[in-house]
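Going down the list, the protein sequences come from chains R and U.
In short: position in the first sequence from 1, add 234, done, that's the working numbering.
In short: position in the second sequence from 1, add 3, done, that's the working numbering.
What follows is one structure encoded as C-alpha cells, with my remarks underneath.
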Amino acid sequence: DQQVKQNSPSLSVQEGRISILNCDYTNSMFDYFLWYKKYPAEGPTFLISISSIKDKNEDGRFTVFLNKSAKHLSLHIVPSQPGDSAVYFCAASAGAGTALIFGKGTTLSVSS
Amino acid sequence: DTGVSQDPRHKITKRGQNVTFRCDPISEHNRLYWYRQTLGQGPEFLTYFQNEAQLEKSRLLSDRFSAERPKGSFSTLEIQRTEQGDSAMYLCASSLDPENSPLHFGNGTRLTVT
Chain R
235 DQQVKQNSPS LSVQEGRISI LNCDYTNSMF DYFLWYKKYP AEGPTFLISI
285 SSIKDKNEDG RFTVFLNKSA KHLSLHIVPS QPGDSAVYFC AASAGAGTAL
335 IFGKGTTLSV SS
Chain U
4 DTGVSQDPRH KITKRGQNVT FRCDPISEHN RLYWYRQTLG QGPEFLTYFQ
54 NEAQLEKSRL LSDRFSAERP KGSFSTLEIQ RTEQGDSAMY LCASSLDPEN
104 SPLHFGNGTR LTVT
C-alpha cells in the first residue's frame, strides 16, 4: 500500500505562471515532509521541507503548504521557469532517523 | 562541499554474478541510507546506518543483499547472485544527526542485469 501518493503523473505549465504539485499521505504518524527535484541521470535534490507543527514554509519561489486534517500537502512554484522542468517527489517520515517514504513523482514541464 | 559520491555510475552484469557498490557520504554526516529506484517509481528505502550501526532494513532487502559501513565512513552494498529484477538505480543518501535533517542524495549507480 502506498503511504505517499502523487496522483498526477505529469503537469504542464507556461513560464511565469504558478505550478501546483499535490501530494496525499495515509500514515498519521508522519511528522516531517519534504519535496525533492530530480533531473535525468542525477540523484534527487532536496528542495524544501515542512514539519507537522507548521502549515506553511516558504523559500524563494517555492512554498509548501500542509493540511494535516486532510493529510495533504502541496508545493507551489511561482513564477515557474523552464529550468524547473524535472520530476518532483514528495516524501514523508515518521520521526528522527526513520526512513523517508517517497511518492511516485510528478513530471513538471514548464514551457517558454 | 563534495556531496555524496557513488561508484560506479553504471554496472552491467550477467545474471548470477555478484556486484558491489560504494558510497562516500558527506564527511560530517553520520547517517547513511541506501534506496533503490525503478522506472516510474519513487526511491524505495532499503537500509539505514547511524555511524557504523545498521539500524533498519526494509523487507525489500532480501538475503542476497548486504550492506556495510565499516568505521562509520563509506558504505558498500553487495548483491549476490544477481537477478534481472535487481536492475534498478541504487541511490545512497546521507544526513546529519539532528532530527528532521534532509537527506542528500548521490547520483546513483545504475545496475543492469542481463
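We put the beta carbon where it would ideally sit given N, CA and C, even for glycine.
The structure presented is a predicted model; accordingly, all values stated were derived computationally and were not measured.
- Query: Which value, in whole angstroms, describes the spacing of the CA atoms of residue 275 (chain R) and residue 29 (chain U)?
  - Reply: Cα to Cα, the separation comes out at about 20 angstroms.
- Nearest residue (CA-CA) to residue 104 (chain U), options R:299, R:268, R:240 and R:314: Cα-wise, what sits closest to residue 104 (chain U) is R:268.
- Query: Should the stretch 328-346 of chain R be called in touch with the stretch 63-75 of chain U, which here means at least 3 C-beta pairs below 8 angstroms?
  - Reply: In short, these stretches do not touch, since the Cβ pair count stays below three.
- Between which two residues does the beta strand (DSSP E) containing residue 92 (chain U) stretch? First-last of the beta strand (DSSP E) with residue 92 (chain U): 91-98.
- Any chance the stretch 84-95 of chain U sits against the stretch 318-334 of chain R, with 3 or more Cβ pairs inside 8 angstroms? Result no; under three Cβ-Cβ pairs closer than 8 angstroms.
- Tell me, please, whether the CB atom of residue 294 (chain R) is closer than 7 angstroms to any CB atom in chain U? At least 7 angstroms separates the CB of residue 294 (chain R) from every CB of chain U.
- Item | Within 7 angstroms, strictly: CB atoms of residue 48 (chain U) and residue 69 (chain U) | No.
- Proximal residues to residue 293 (chain R) (C-beta, below 7 angstroms), its chain only, five neighbours per side dropped: Closer than 7 angstroms at Cβ, skipping near neighbours: 282.
- Between residue 283 (chain R) and chain U, is there a C-beta pair that is closer than 7 angstroms? Contact with chain U is found for residue 283 (chain R), since one of that chain's Cβ atoms lies less than 7 angstroms from the residue's Cβ.
- Message: Contact criterion: CB-CB distance below 7 angstroms. Does residue 328 (chain R) meet it with respect to chain U?
- Response: Chain U, which has no Cβ nearer than 7 angstroms to the Cβ of residue 328 (chain R), makes this no.
- Relative to the C-alpha of residue 84 (chain U), which residue among U:109, U:9, U:10 and U:16 is closest? Checked all of U:109, U:9, U:10 and U:16; the closest Cα to residue 84 (chain U) is U:16.
- Neighbourhood of residue 335 (chain R) by C-beta distance below 6 angstroms, restricted to the same chain and skipping five residues each side: Counting only Cβ-Cβ distances below 6 angstroms, and skipping sequence neighbours, we find 237, 238 and 326.
- Just curious, the beta strand (DSSP E) that residue 267 (chain R) is in, first and last residue? It spans 266-272 - the beta strand (DSSP E) in which residue 267 (chain R) sits, taken as one unbroken run.
- Message: I want to verify the contact list: residues of chain U whose CB lies under 8 angstroms from the CB of residue 274 (chain R), in sequence order.
- Response: Counting only Cβ-Cβ distances below 8 angstroms, residue 274 (chain R) has no contacts in chain U at all, with the closest Cβ about 11 angstroms away.
- Task: Provide the residue(s) that pair with residue 341 (chain R) in DSSP beta bridges, ordered along the chain.
- Result: Residue 341 (chain R) is bridged to R:244 and R:321.
- Message: Could you pull the DSSP bridge partners for residue 70 (chain U) from this structure?
- Response: Looking at the DSSP assignment, residue 70 (chain U) forms a beta bridge with U:80.
- Since residue 68 (chain U) meets chain R, which of its residues come closer than 9 angstroms, beta carbon to beta carbon? Near residue 68 (chain U) there are no residues of chain R at all, since even the closest Cβ is about 15 angstroms away, more than 9 angstroms.
- Query: Name the residues in the stretch 85-111 of chain U whose C-beta lies less than 7 angstroms from a C-beta of chain R; which are they?
  - Reply: Closer than 7 angstroms at the C-beta level to chain R, one finds these residues of the stretch 85-111 of chain U: 94, 102, 103, 105, 106, 107, 108, 109, 110 and 111.
- Item | Among U:38, U:112, U:75 and U:94, the one whose alpha carbon lies nearest that of residue 31 (chain U) | With distances taken between Cα atoms, residue 31 (chain U) lies closest to U:75.
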